[in-house]
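J.: This is the structure, below, for whatever I ask next.
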Amino acid sequence: MKMCRFLRYCVSHCLHAAMTRLEEVNGEVSVWSSLRWLGYLAGLNLLVAICLGLYARWEGTAESALLVTFILALVVLGIAIVLYYYFNMERVSLILLHLWYGFLLGLLCFVNPAALEEDVKERAANYLLLASLALRTLWALLERMLGCTRYRPAFLTSAERSELVGFAAASTVLQSQQSVSVAVLVMALAVVILTLRMKVFLAVLSFTCFVAITGGPFIKSLNITTNPFALSCFFSQLICDPLMDFYFSGLSVTERWRSLLVSRALWRRLSLLPLLLVEVGFIIQAARRLSDSDLGYLVIPGFVVCLLFWAICHMVFIITVWGFHTKLSDCQRLCLSQGPEDTSLDKVMASKGMRHFCLISERLVFFALVSSAVVAALCWQASSSIFMGMFLLNLSLECLFHGLFYELGNSLGGTCVGYAVVIPTNFCSPDGQPVLLPPGQVHELNRRSTGMLSNIQRFFACHLIENFGCDYSTSGVTLEALQAKIKSFLELRTADGPRHDTYVIFYSGHTHRSGEWALAGGDVLRLDQLLEWWREKNGSFCSRLILVLDCDNSLPWVREVRRVEGPYVAVQGATLARGSSVALEDPPQLG
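If you read the sequence shown in the UniProt record's numbering, its first letter stands for residue 1, the second for the next number, and so on.
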């Protein structure tokens, strides 16, 4: 009886200690740690499935190479663990681990003898692959729903690159032509991942075409029996994160494309060489369709016409990409010259007219994309895996560039040019006649006006607004001189030829109660006169005119511009607040 009480005491004491420790741990462990264990479980499930699948293949085929691969997989796993925990080489160990994951999944996919269909261990491995896929998807989804994901501006992660390289290396067990086709397909998958992660406009179209062609005619054209579970696990494991990032990622356009926008000009220009090779390889594979003897008489002339259209569109496409890299290099140099803390690359690209360039380039790349689709439809080869792989790679690359120009064209600001007129405001008597000021007030008035002029020039420079001029006159400006200057300002165009997106006019000076600008010689400038000049110079363009008024009677123009229809015009004015005690207030500092 005493022994039972002692055992009950020990058990209850141990349970109490365990529950107390569990509560302490739960208080310390974050949601991220719990989700990380779910990811570890998915990885462990995948590792067991791979080992079980390799063992089943070795047992069914008795090939010593599979046994050696199985032993090497365990050795690599041990090396990765040692590097991770004992040498703090986390990055190297993860790259090594994911490289072998991709390679072993490729072996499971391509080494699939028919005798394994009824094998119990093979079925268990397939179920484990599906369970790993489900856990991996659940982990990625919960991470994003609970806000535990840190989105970084990267094209491909090191894990994705390693698994892609490993899978392509595993395809060497096939014949040379099949191995090349799989390698091209892996490159196309990498670009599809890019299109999803960059959230390009045609990413869903590119992804849908990839899934439809890979899951159907491409696998059939390889003439091999693949393991659909291993293939689905590999593709889904890579597509899962970018597909969810397409919906959940909150990075801006320039943040997503930062890896490209901040890269060196030499590497960006050298990247055109692989693009050229892909384009030439695609058209060569498409031309092999002409060797078929069952072609009709209209196919060859149609192909020649499409080839001419394709060549023109892609020549323009390559020139456009080269021009983009040139303009981006100019923006990088300007951004570096002003210092990283002074201005951002977004403002620099906007001031250099990158938005207009991207809007035009997006249409040019779309024509290149359409021409590739027409050539592929005319020369479709369902029996050629290399042709379908080249088509998917070419389609994904052109969708990627189209998305780049489309996103930048819709997110970047436009070019802006500014003109300022500063006239010192003098005190007036009630009848409107000027009042003679003491020397101290004259000095203060001039100091305030020149300070305003400096602030406007600094404002233009800070926001990268092209400075057309800042006129300062103590004796006033005549209507003829102001009209000539404003019309010249409204006619101004960018260095590339098109009009600026925004024209800013700043005025600080005398006004009448109706809002009209009081000029020298008793002349006035009304709002309808200014709008008439704007309609004359702007024409059918969609440029904007912004009037910034630093004067006492700006409210009438603010009210009047609301009734204006047609041109894009905005007026920024100010009203003076009335205080309860005039004696305690500072005098209004207009001008």
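The C-beta atom is built at its ideal place from N, Cα and C for all residues, glycine as well.
Compare the beta carbon distance of Leu-107 and Leu-66 with 9 Å and say whether it is the shorter of the two.
T.: yes
J.: Can you tell me which of the three DSSP states Gly-413 falls into?
T.: In the three-state DSSP reduction, Gly-413 falls in the coil class, being neither helix nor strand.
J.: Can you grab the Cα-Cα spacing for the pair Asn-395 / Tyr-101, in whole Å?
T.: Before going further, note that residue 395 is Leu rather than Asn in the sequence given. Near 28 Å, if we compare the C-alpha coordinates of Tyr-101 and Leu-395.
J.: Taking the beta carbon of Ile-423 as the centre, do at least 16 other beta carbons fall within 10 Å, making it buried, or is it exposed?
T.: buried
J.: Does the structure place the segment 384-393 close enough to the segment 183-195 that three or more beta carbon pairs sit under 8 Å?
T.: yes
J.: Under DSSP, the alpha helix (DSSP H) around Val-299 begins and ends at which residues?
T.: Val-299 -> alpha helix (DSSP H) spans 299-338.
J.: Looking at the structure shown, is Gln-572 part of a helix, part of a strand, or coil, going by DSSP?
T.: strand
J.: Taking the runs of the alpha helix (DSSP H) that are 4 residues or longer, which of them lie wholly in the segment 158-191?
T.: 158-170
J.: Between which two residues does the beta strand (DSSP E) containing residue 606 stretch?
T.: The chain is shown from 1 up to 591; residue 606 falls before or after that span and cannot be answered.
J.: Tell me, to the nearest whole angstrom, how far the beta carbon of Lys-322 is from that of Ser-372; I am working on the premise that it is less than 8 Å.
T.: Per the sequence shown, residue 322 should be read as Trp rather than Lys. 19 Å between Cβ atoms; not a contact.
J.: Distance check for Glu-491 and Phe-541, CA to CA, integer angstroms please.
T.: Spanning the two alpha carbons is a distance of roughly 12 Å.
J.: Excluding the 5 residues flanking Phe-235 on each side, which residues of the same chain have their C-beta closer than 8 Å to its C-beta?
T.: Leu-189 and Thr-214
J.: In terms of residue numbering, what span does the alpha helix (DSSP H) encompassing Tyr-84 cover?
T.: 64-85
J.: Distance, Cα to Cα, Tyr-55 vs Phe-110?
T.: If I take the Cα positions, the gap works out to 15 Å.
J.: Please classify Thr-511 as buried or exposed, where buried requires at least 16 other C-beta atoms within 10 Å of its C-beta.
T.: buried
J.: Just to confirm before moving on: does the CB-CB distance between Val-48 and Leu-142 stay below 9 Å?
T.: No.
J.: Given that a residue counts as buried once 16 or more other Cβ atoms are within 10 Å of its Cβ, and exposed if not, what is Phe-366?
T.: buried
J.: With respect to the alpha helix (DSSP H) encompassing Thr-502, which residues constitute its N-terminal and C-terminal limits?
T.: From DSSP, Thr-502 is part of no alpha helix (DSSP H) but of the beta strand (DSSP E) over 502-508.
J.: Rounded to the nearest angstrom, what separates Cys-233 and Lys-199 at their Cα positions?
T.: 23 Å
J.: State the start and end residues of the unbroken alpha helix (DSSP H) segment that holds residue 594.
T.: Nothing in the structure corresponds to residue 594, since the chain is present only between 1 and 591.
J.: Could you please give the first and the last residue of the uninterrupted beta strand (DSSP E) stretch that includes Asn-467?
T.: 466-472 is the span of the beta strand (DSSP E), which, as asked, contains Asn-467.
J.: What residues are listed by DSSP as bridge partners for Trp-517?
T.: Thr-511 and Leu-525
J.: Let me check understanding here. Comparing Cα to Cα, which of Asp-501, Lys-485 and Asn-227 lies closest to Glu-122?
T.: The residue with the shortest Cα to Cα distance from Glu-122 is Asn-227.
J.: Can you name, in chain order, every residue of its own chain whose Cβ lies under 6 Å from the Cβ of Asn-126, other than the five neighbours on each side?
T.: Phe-229
J.: Using CA coordinates, which residue listed in Val-370, Phe-460, Tyr-247 and Leu-133 is at the minimum distance from Cys-306?
T.: Val-370
J.: DSSP on Tyr-40, reduced to helix/strand/coil?
T.: helix
J.: Quick one: is Lys-487 buried, meaning 16 or more other Cβ sit within 10 Å of its Cβ, or exposed?
T.: exposed
J.: Based on Cα-Cα distance, which residue from Val-253, Ser-508, Ala-382 and Arg-447 lies nearest to Ser-221?
T.: Ala-382
J.: Does the separation of the CB atoms of Leu-276 and Ile-318 fall below 9 Å?
T.: yes
J.: Pull up the CB-CB distance for Tyr-507 and Ser-543, whole angstroms please, since I reckon it's below 8 Å.
T.: Wrong, their Cβ atoms sit about 19 Å apart, outside the cutoff.
J.: List the DSSP bridge partners of Ala-420.
T.: Cys-470 and Phe-506
J.: Expressed to the nearest angstrom, what Euclidean distance is found between the alpha-carbon atoms of Ile-283 and Leu-290?
T.: The C-alpha of Leu-290 is placed about 12 Å away from the C-alpha of Ile-283.
J.: Hey, out of Val-182, Glu-163 and Leu-464, whose CA is closest to Ser-171's CA?
T.: Val-182
J.: Just to confirm, are Leu-400 and Arg-355 a CB contact at a threshold of 9 Å?
T.: no
J.: Starting from the C-beta of Arg-499, find all residues in its chain whose C-beta is less than 7 Å away, skip the five residues before and the five after it, and write them out in chain order.
T.: Closer than 7 Å at the Cβ level, and outside the excluded window around Arg-499, lie Arg-493, Phe-541 and Ser-543.
J.: Could you tell me the alpha carbon to alpha carbon distance between Leu-535 and Leu-547, rounded to whole angstroms?
T.: Checking the sequence, you will find Arg at residue 535 rather than Leu. Looking at the backbone, the Cα of Arg-535 and that of Leu-547 are separated by about 15 Å.
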